[in-house]
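Note sheet for the following structure.
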Amino acid sequence: MRPIPADLTEALEDWHTTYRRLAAHPCSALRRRLIRLSCDVLSHPYWGGGRSAAARAALFAAGRGGGSGRGSHPGRG
1 MRPIPADLTE ALEDWHTTYR RLAAHPCSAL RRRLIRLSCD VLSHPYWGGG RSAAARAALF
61 AAGRGGGSGR GSHPGRG
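Residue numbering for the sequence shown follows our numbering, beginning at 1 and increasing consecutively.
See the structure below:
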């Protein structure tokens, strides 16, 4: 497996931070930011070449400390 690019790692960290902030303080600006970050992460060139949805979900779960469930993947929860 290729190493995860720094820009993708940063976008994932931003996604998790924004998700936590939105959960604590719902507002339109944070919802829009989360949607934009979700698009950035899911359309990143790293996912080209046959990477599966399961690989993306695992990467999001790893970013939030492991485990599975609601909120572990953009578009869910």
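By construction, the Cβ of each residue, glycine as well, lies at the ideal position given by its N, Cα and C atoms.
These figures come from a predicted structure and were not determined experimentally.
Using DSSP with H/G/I as helix, E/B as strand and the rest coil, what is residue i?
i	result
His73	Legend: pLDDT at His73 = 45, less than 50; position of this residue unreliable, value from coordinates given subsequently. If DSSP states are grouped into helix, strand and coil, His73 belongs with coil.
Ile4	coil
Ser38	helix
Ser28	helix
His16	helix
Do residue j and residue i count as a contact pair if the criterion is CB distance below 7 Å?
i	j	result
Tyr46	Leu8	yes
Leu30	Leu22	yes
When burial is assigned at 16 or more other CB atoms within 10 Å of the CB, is residue i buried or exposed?
i	result
Thr17	exposed
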